[in-house]
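Scroll down for the structure; my scribbles are underneath it.
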Amino acid sequence: MLDRVTAELGGIDIAVCNAGIVGVTPMLEMSLEEFERIQSTNVTGVFLTARAAARAMVKRGQGGVIINTASMSGHIINVPQQVGHYCASKAAVIHLTKAMAVELAPHKIRVNSVSPGYILTELVEPLAEYHRLWEPKIPLGRLGRPDELTGLYLYLASEASSYMTGSDIVIDGGYTCL
11 MLDRVTAELG GIDIAVCNAG IVGVTPMLEM SLEEFERIQS TNVTGVFLTA
61 RAAARAMVKR GQGGVIINTA SMSGHIINVP QQVGHYCASK AAVIHLTKAM
111 AVELAPHKIR VNSVSPGYIL TELVEPLAEY HRLWEPKIPL GRLGRPDELT
161 GLYLYLASEA SSYMTGSDIV IDGGYTCL
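Heads up: the sequence shown is residues 11 to 188, going by the working numbering.
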């Protein structure tokens, strides 16, 4: 796909690396295959996408922006659901973002990550039994909407954030404040 975009548009300036799956399985019951599936999608998927975009940006020589989607779960341990494998994968994305930022800065490529909280997406909707447990812990009192992430991604993609790289921004209605 990147080759097609590059051919049709003459290059890539901005890449959003957004990969995420979750499973609710206690560690003692989790198979190695499930653990590896989460890591493969959430970490390796982000890495491969970012690497492809970075290679195209370096080749073009005009810099660029890479935005990785992590999660507040990279900063905290979610309860009561048992998703340690998911938390580990998103913590890896946050740290990978920092490493990419340092490595790609000489090429004028900025790399940041966004860590959404509980947002009503396909990832969170199947966990409906937990919504009533999460909402009282969110200072804004509700789960977020996908459109509430748009402004942050636009900011990170714009020149307004031109001196920002290696940062992770949590957008969670205040959940991680408590």
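Even for Gly, the Cβ is constructed at its ideal location relative to N, Cα and C. The structure displayed is predicted, hence computed values, not measured ones.
Looking at the DSSP output, Pro-146 bridges to nothing. Between Ser-123 and Ile-104, the C-beta gap is smaller than 8 Å, which places the two residues in contact. Taking C-beta separations shorter than 7 Å and ignoring five residues to either side along the sequence, the partners of Cys-187 in its chain run Pro-149, following chain order. With distances taken between CA atoms, Asn-28 lies nearest to Ile-77 out of Arg-14, Gly-73, Ile-77. When DSSP states are grouped into helix, strand and coil, Ser-83 belongs to the helix group.
With a 10 Å radius around the Cβ and a threshold of 16 neighbouring Cβ atoms, Ile-87 comes out exposed. With a 10 Å radius around the Cβ and a threshold of 16 neighbouring Cβ atoms, Val-112 comes out exposed. Note: Cys-27 is bridge-paired with Asn-78 in the DSSP secondary-structure output.
Closest by C-alpha distance to Leu-133, out of Gly-33, Glu-158, Glu-39, is Gly-33. In this structure the segment 93–103 lies against the segment 47–60, because at least three pairs of beta carbons, one per stretch, are closer than 8 Å. Per DSSP, the continuous beta strand (DSSP E) segment holding Asp-178 begins and ends at 178–181. The beta-bridge partner set that DSSP reports for Arg-120 consists of Val-75. For Ser-99, the secondary structure class from DSSP, reduced to helix, strand or coil, is helix. For Met-67, the enclosing alpha helix (DSSP H) stretches over residues 55–70. In the DSSP assignment, Pro-126 forms a beta bridge with Ile-181. Beyond the five residues adjoining it in sequence on each side, His-117 comes within less than 6 Å, by CB distance, of Val-68 in the same chain, given in chain order.
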